[in-house]
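Trainee: In the working numbering, the protein residues as written are 756 to 1149. Here a beta-carbon is modelled for each residue, glycine too, at the ideal position from N, C-alpha and C. These numbers were taken from a predicted model, which means no experiment stands behind them.
#1: Does the beta-carbon distance from residue 794 to residue 880 come in below 8 Å?
#2: Exposed or buried, residue 909, counting other C-beta atoms within 10 Å across all chains shown (16 or more means buried)?
#3: Could you work out which residue in 771, 815 and 820 is closest to residue 785 when comparing CA atoms only?
#4: Look at residue 1007 and residue 1119 and say whether their C-beta atoms are less than 8 Å apart.
#5: Which word fits residue 856, buried or exposed, when buried means at least 16 other C-beta atoms lie within 10 angstroms of its C-beta?
#6: Using only the alpha-carbon positions, how far apart do residue 782 and residue 883 sit?
#7: Please tell me whether residue 907 and residue 874 are closer than 8 Å, where the distance is taken between their beta carbons.
#8: Which parts of the stretch 943 to 1001 are runs of the alpha helix (DSSP H), unbroken and 4 residues or longer, counting only runs that do not cross its ends?
#9: Taking the beta carbon of residue 1043 as the centre, do at least 16 other beta carbons fall within 10 Å, making it buried, or is it exposed?
#10: By the DSSP assignment, the alpha helix (DSSP H) with residue 1025 in it spans what residues?
#11: Sorted by chain position, which residues of the same chain lie with C-beta nearer than 7 Å to residue 890's C-beta, five sequence neighbours on each side aside?
#12: Assign residue 1016 to one of three DSSP states: helix, strand, or coil.
#13: Rounded to whole angstroms, what is the Cα-Cα separation between residue 774 and residue 780?
#14: Whether or not the stretch 1012 to 1022 and the stretch 1097 to 1109 are in contact is what I'm after, with contact meaning three or more pairs of Cβ atoms, one per stretch, closer than 8 Å; do they touch?
#15: What's the C-alpha gap between residue 885 and residue 1055?
#16: Less than 8 Å between the CB atoms is what I'm expecting for residue 850 and residue 810, so what's the real figure, rounded?
#17: Whose CA, out of 812, 878 and 929, lies closest to the CA of residue 842?
#18: Using the DSSP secondary-structure output, state which residues sit across from residue 1152 in a beta bridge.
#19: I need the boundaries of the alpha helix (DSSP H) containing residue 747, first residue and last residue.
#20: Hey, would you say residue 808 sits closer than 8 Å to residue 787, going by beta carbons?
#21: Taking residue 903 as the reference, which of 915, 924 and 872 has the closest Cα?
#22: Quick check: what's the CA-CA separation for residue 864 versus residue 831?
#23: By DSSP, does residue 910 sit in helix, in strand, or in coil?
#24: DSSP on residue 900, reduced to helix/strand/coil?
#25: Please confirm whether residue 835 and residue 926 have their CB atoms less than 8 Å apart.
#26: For residue 730, name the three-state secondary structure that DSSP assigns.
#27: If you follow the beta strand (DSSP E) that residue 790 is in, where does it begin and where does it stop?
#28: Whose CA, out of 821, 837, 1024 and 833, lies closest to the CA of residue 804?
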């Protein structure tokens, strides 16, 4: 909209519309009012405020303040105007924040030439490419650019503090806008893309996590480790299933050991959850686990019963005077997340050190492995070979 309302002045030639607007803003009579402003303990000459810039753009292009502020932000982000206070935030604030106009002509070439003088020709690769491009593009005025850069570099140490602050902000704003590109090589000098290095790192983490998981759970995997006391599919002995029933009174030692792997393992085992519920009751916080279980049932339950379950949860846990009221403030949708985090960070660690868990460990059953008879050698050789193969696999 602002671009459609813009008419380029007749006196401006070979300039982009934005450059013409910046020149028009610097006109003494019709442009943005500039004056000496105080910045902390320093006075800055020819400074302009953000609200004056937004007002001028709004009046010039007949647009509202929000669109004028957006246009001002674009001018700041592309380096035509730079902030004197918060130079890292390239936005236009419609308040008393101070700004200044960037040098419109050759400021890329002047700053890069000054950097070349300061570093004695030792520029980065991308800087050298840009320097050569500007040299070729502005060859007819390169002597003037180099002279201006040398003059600024020589006078830098002799400037007064206000001028030094202005030029520092000016140069800093240029390099914030014209940031160097993302490096294409690693720190080791390998000619490989950073994306490839990240993919390799992610794959290494994946394999490392897989090895760690396998090492932790190998004794609990019936394919990698024999079942205790025996595999019921091989021996027709159902003792393994009896010892690992969901709500068995005394679980096996390996089952109790698995609860210590993670909090999710504890809650996924019905016997472990019952043990954890007993611990919470002794700490007078059993209603928190009951509320979490009710919300999980609501989340994964049937849609037809959702309204009834939600009302029951509200009456039981959330309403004033509820029989199992939970003492947690916050939004209802966030309470289950807070409860789970509290369980994981606080209650789970104390449960593993509590007498409840230690008593369960003491009562845990450790069955002896099944001893196969050697009478199998009297059977046919084919069956013997098949049995030994299955035994080795399992």
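Mentor: Concretely, from the data shown:
#1: no
#2: The Cβ neighbour count for residue 909, taken over all protein chains shown within 10 Å, is under 16; the residue is labelled exposed.
#3: 815
#4: yes
#5: buried
#6: 36 Å
#7: no
#8: 949 to 972, 987 to 990 and 994 to 998
#9: buried
#10: It spans 1025 to 1037 - the alpha helix (DSSP H) in which residue 1025 sits, taken as one unbroken run.
#11: 897
#12: DSSP places residue 1016 in the coil class of the three-state scheme, outside both helix and strand.
#13: 10 Å
#14: yes
#15: 59 Å
#16: Residue 850 to residue 810, Cβ: 12 Å. No contact.
#17: 929
#18: Since the displayed the chain opens at 756 and closes at 1149, residue 1152 lies outside it and no answer follows.
#19: Lying outside 756 to 1149, the shown extent of the chain, residue 747 is not represented and no answer is given.
#20: yes
#21: 872
#22: As the crow flies, the alpha-carbon of residue 864 is around 19 Å from that of residue 831.
#23: helix
#24: helix
#25: no
#26: No answer is possible for residue 730: it lies beyond the span of the chain, which begins at 756 and ends at 1149.
#27: For residue 790, the uninterrupted beta strand (DSSP E) segment begins and ends at 790 to 794.
#28: 837
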